[in-house]
Amino acid sequence: MSKLRIRCRARGPLVVDGDLGELELHGPDGEPIDLTDRPRILLCRCGASKSRPFCDGSHHRTDFEADE
């Protein structure tokens, strides 16, 4: 098992990888999301993703900016 790691991509998503088995993630509807067999997830920070909480690349089509 590898430690859970969260990294910020400048002007992009949060990258979460490592042992996701201990992570509890809920969608916009409040329902838990099954992360079984997912080695990495990308979480939206721009708010424009159609698949929230996951990133779908929408930040490329917005003026979203964040250094951290």
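Numbering (our numbering), first residue to last: 395 to 462. No residue lacks a Cβ here, since even glycine has one placed at the ideal position from N, Cα and C.
Less than 6 Å between C-beta atoms, sequence neighbours within five positions excluded: which residues of the same chain meet that for Ile435? If you number the sequence shown from 1, residue 435 lands on position 41. So the qualifying residues of the chain are Val410.
Is it right to say Pro491 is buried, meaning 16 or more other beta carbons lie within 10 angstroms of its own, or is it exposed? The structure shown does not extend to residue 491, since the chain is modelled only from 395 to 462, so the question has no answer here.
Whose CA, out of Cys402, Lys444, Gly421 and Leu437, lies closest to the CA of Ala460? One-based indexing of the sequence shown puts residue 460 at position 66. When each option's Cα is compared against that of Ala460, the closest is Cys402.
Just to confirm, are Pro407 and Glu418 a CB contact at a threshold of 8 Å? Within the sequence shown, the letter at position 13 stands for residue 407. Within the sequence shown, the letter at position 24 stands for residue 418. Not a contact, by the Cβ cut-off of 8 Å.
Quick check on this structure: which residue in Ser396, Arg405 and Arg399 has the alpha carbon closest to the alpha carbon of Thr456? Along the sequence shown, one-based indexing puts residue 456 at 62. Answer by Cα proximity: Arg405.
Per DSSP, Cys402 is paired with what? The residue given as residue 402 occupies position 8 in the sequence shown. Note: Cys402 sits in a beta bridge opposite Leu408.
Straight-line Cα distance separating Arg446 from Asp423: Here residue 423 is taken as the residue at index 29 of the sequence shown, counted from 1. Here residue 446 is taken as the residue at index 52 of the sequence shown, counted from 1. Computed Cα separation, rounded: 10 Å.
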